[in-house]
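Q: To start, I am sharing the structure in question, which I have written as structure tokens.
Numbering (our numbering), first residue to last: 12 to 240.
Structure follows, in structure tokens:
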């Protein structure tokens, strides 16, 4: 009974310490990024944000750069990546989860990764590359429970269907799905894609969006606007 009480007290202290640390980090994040929203249960480390980014509950973000207006829904694991503007990332998405080398005697990281996360390792320095940065363009929609493997590049305007595992680069405005993810179709015809890419509309000022929000819901009207420039 005494050991149980000690265990409970110790773990309660650890939880309280983590909670205080999380509250402090989130308060600091809000101060540094006044237009952004960070849920109190989110964990953000060594990452940079442009304006109006939202990180929902229980999402972890590490070593990332996230563009304006993009959001990441609950329970995401977003590591080592750059995300463009106006990206919509659904719940339980995993980006750059880390790599294990299958061509060695063992895939276990204790033989090539010097980390405090494991109670015992057999190396004093990292022997292999553990992560490769992921690059995600602008206006990308990523469905629920998608996994994007390290080193992948996602083009502007792409859509990743729910549950897909993305193991290779995705072209701009391509819709992909499946395990492993494969190309299903393009969102628009080649002319429209080229026009949207050239416009880089995601870099337009807020004033333009406030004045022309309805145009963004009509592909033909937006194309006519771009052709008239």
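We put the beta carbon where it would ideally sit given N, CA and C, even for glycine.
Among 68, 139, 113, 46, which one has its Cα closest to the Cα of residue 125?
A: The candidate whose alpha carbon is nearest that of residue 125 is 139.
Q: Does the segment 221 to 228 come within contact of the segment 192 to 199, defined as at least 3 CB pairs closer than 8 Å?
A: No, they do not touch.
Q: Report the rounded CA-to-CA distance for residue 31 versus residue 104, giving the unit in angstroms.
A: When rounded, the distance between both Cα atoms is 26 Å.
Q: Using beta-carbon positions only, say whether residue 107 and residue 173 come within less than 9 Å of one another.
A: No, the Cβ-Cβ distance between residue 107 and residue 173 is not below 9 Å.
Q: So for residue 44, helix, strand or coil by DSSP?
A: In this structure, residue 44 counts as coil in the three-state DSSP scheme.
Q: Return the Cβ separation of residue 147 and residue 87 in integer angstroms, given the expectation that the two are a contact with Cβ distance under 8 Å.
A: Between residue 87 and residue 147 the Cβ distance is about 13 Å, and since that is not below 8 Å, they are no contact.
Q: How would you call residue 117, buried or exposed, if buried means at least 16 neighbouring beta carbons within 10 angstroms?
A: With fewer than 16 other Cβ atoms within 10 Å, it is exposed.
Q: Within 10 angstroms of its Cβ, does residue 190 collect 16 or more other Cβ (buried), or is it exposed?
A: Flag for residue 190 reads exposed.
Q: Spatial neighbours of residue 177 within its chain, please: C-beta separation below 8 Å, excluding the five flanking residues on both sides.
A: Same-chain partners within the cutoff: 157, 158, 159, 160, 163, 165, 171, 187, 191, 192.
Q: Roughly how many whole angstroms lie between the Cα atoms of residue 168 and residue 142?
A: Rounded to whole angstroms, residue 168 to residue 142 spans 25 Å at the Cα level.
Q: Go ahead and pull the three-state DSSP assignment for residue 98.
A: Here residue 98 sits in coil by DSSP.
Q: As a quick exercise: from 62, 46, 70, pick the residue whose alpha carbon is nearest that of residue 56.
A: With distances taken between Cα atoms, residue 56 lies closest to 70.
Q: Output the distance between the C-alpha atoms of residue 47 and residue 238, rounded to the nearest integer angstrom.
A: The straight-line gap from Cα to Cα measures roughly 34 Å.
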